[in-house]
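Reading through the structure tokens given below for one structure.
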Amino acid sequence: MVLQESFYTRADVVQIARDLLGKVLVTQVNGLYTAGMIVETEAYAGIADLASHAAHGRRTNRTEVMYSKGGVAYVYLCYGIHHLFNVVTNAADVPHAVLVRGIEPIDGIDIMLLRRNKNRLTPALTAGPGSLSAALGITTNLTGAPLSGPEITIEDRGIITADADIVAGTRVGVGYAGEDALQPYRFSVRGNAYVSKGKEI
DNA sequence: CAAACGATTTTCT
DNA sequence: GAAAATCGTTTGG
Numbered sequence: 414m415v416l417q418e419s420f421y422t423r424a425d426v427v428q429i430a431r432d433l434l435g436k437v438l439v440t441q442v443n444g445l446y447t448a449g450m451i452v453e454t455e456a457y458a459g460i461a462d463l464a465s466h467a468a469h470g471r472r473t474n475r476t477e478v479m480y481s482k483g484g485v486a487y488v489y490l491c492y493g494i495h496h497l498f499n500v501v502t503n504a505a506d507v508p509h510a511v512l513v514r515g516i517e518p519i520d521g522i523d524i525m526l527l528r529r530n531k532n533r534l535t536p537a538l539t540a541g542p543g544s545l546s547a548a549l550g551i552t553t554n555l556t557g558a559p560l561s562g563p564e565i566t567i568e569d570r571g572i573i574t575a576d577a578d579i580v581a582g583t584r585v586g587v588g589y590a591g592e593d594a595l596q597p598y599r600f601s602v603r604g605n606a607y608v609s610k611g612k613e614i
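The first sequence begins at 414 in the numbering used here and counts up by one.
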């Protein structure tokens with residue numbers, strides 16, 4: 414079933430990041446259906462989190478969508494090349510978000526291969542935030558799109574991820590955030606090949 | 001209005 | 001291991 418708004422509007426963004434492991438991210442872009450299980454996430458805890466784009470309550474055109482009520486997409490362009498997909502959480506005006514960093518392909522693998530210009534399935538296809546966005550056809554024009562569909566949804570297909578199979582660690586690429594870079598806000602499925610190789614956990 | 005830079009990935013040496 | 005690719009956003013003048 415498709416996750417309801419009540420899943421996203423909860424106050425604890427770290428808990429949501431953990432809960433997203435094992436859920437299935439589904440996109441339908443240009444009529445092409447692709448889906449994959451989320452295996453790696455990072456929480457960005459709003460104004461108090463120096464690693465967040467909304468640190469100190471910064472509010473700009475780019476970050477505005479993070480202030481939406483939970484349950485919409487926040488996609489932003491990094492290094493001019495990569496589209497990074499986030500899930501906006503919490504109530505309106507609380508700019509929390511969860512970055513999805515890795516998925517395990519489930520449906521539409523042939524489509525993903527075409528989009529990534531590859532001809533065989535390897536973990537590199539969807540490991541890493543830029544890679545999975547490209548594979549699923551996610552671009553910045555999905556920013557603000559509701560996760561209730563039709564273009565993008567997150568589903569619970571009954572996959573259970575035990576606590577023992579969840580690895581917590583520090584976030585990748587946020588060294589500029591000082592103390593907050595040390596927060597255990599990164600979660601991944603233990604041993605899964607589609608977890609990105611960014612830094613060590 | 002100009003300049004620097006980034007929640008990354010790929011490619012070259 | 002190092003560096004390029006590449007552009008919207010943000011910041012400074």
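Glycine residues also receive a C-beta, built at the ideal position from the N, C-alpha and C atoms.
Q: Take the Cβ of Y492 as the centre, count every other Cβ of all protein chains shown within 10 Å, and call the residue buried at 16 or more, exposed below.
A: Translated into positions along the first sequence, residue 492 becomes position 79. Residue burial annotation: Y492 is exposed, with fewer than 16 other C-beta atoms found within 10 angstroms of its C-beta.
Q. Expressed to the nearest angstrom, what Euclidean distance is found between the alpha-carbon atoms of A510 and T552?
A. To locate residue 510, count along the first sequence from 1; it is residue 97. To locate residue 552, count along the first sequence from 1; it is residue 139. Their Cα atoms are separated by approximately 17 Å.
Q. Taking the alpha carbon of L445 as the point to measure from, which residue in Y480, I516, P508, G521 has its own alpha carbon closest?
A. Position 32 of the first sequence, counted from the start, is the residue given in the question as residue 445. For the residues Y480, I516, P508, G521, the minimum Cα distance to L445 belongs to G521.
**Q.** Straight-line gap, I614 to L555 (C-alpha atoms, nearest Å)
**A.** Locating residue 614 in the first sequence gives position 201, where the first residue counts as 1. Locating residue 555 in the first sequence gives position 142, where the first residue counts as 1. In this prediction, I614 has a pLDDT of 47, which is less than 50 and means its spatial position is unreliable; what the coordinates show is noted afterwards. Going from the Cα of I614 to the Cα of L555 covers about 30 Å.
Q | For I572, three-class secondary structure by DSSP | A | Here residue 572 corresponds to residue number 159 of the first sequence, with the count starting at 1. I572: coil per DSSP, three-state reduction.
Q. Going by DSSP, what residues sit across from V437 in a beta bridge?
A. Here residue 437 is taken as the residue at index 24 of the first sequence, counted from 1. Note: V437 sits in a beta bridge opposite M450, E568.
Q) Quick one: is I516 buried, meaning 16 or more other Cβ sit within 10 Å of its Cβ, or exposed? A) Here residue 516 is taken as the residue at index 103 of the first sequence, counted from 1. Buried, because 16 or more other Cβ atoms sit within 10 Å of the Cβ of I516.
**Q.** Host beta strand (DSSP E) of L497 (start-end)
**A.** Reading the first sequence from its first residue, position 84 is the one you call residue 497. Per DSSP, the unbroken beta strand (DSSP E) holding L497 starts and ends at 495-502.
Q: Might you give, ordered along the chain, the residues of its own chain that have their beta carbon closer than 7 Å to the beta carbon of D462, omitting 5 neighbours on each side?
A: As a position in the first sequence, residue 462 is number 49, starting the count at 1. The answer, listed in chain order, is A468, D593.
(Q) I need the DSSP call for I551, collapsed to helix, strand or coil. (A) To locate residue 551, count along the first sequence from 1; it is residue 138. Three-state result, I551: coil.
Q: For A548, verify whether its CB is less than 7 Å away from any heavy atom of the ligand COA.
A: Of ligands this structure carries none, so the ligand COA is not represented either.
Q) When the Cα atoms are used, what is the spatial distance from I460 to G470? A) For the purposes of this step, residue 460 is taken as the residue at position 47 of the first sequence. For the purposes of this step, residue 470 is taken as the residue at position 57 of the first sequence. Computed Cα separation, rounded: 5 Å.
Q.
Using only the alpha-carbon positions, how far apart do A458 and S481 sit?
A. For the purposes of this step, residue 458 is taken as residue 45 along the first sequence, with counting starting at 1. For the purposes of this step, residue 481 is taken as residue 68 along the first sequence, with counting starting at 1. Note on geometry: alpha-carbon atoms of A458 and S481 lie some 14 Å from one another.
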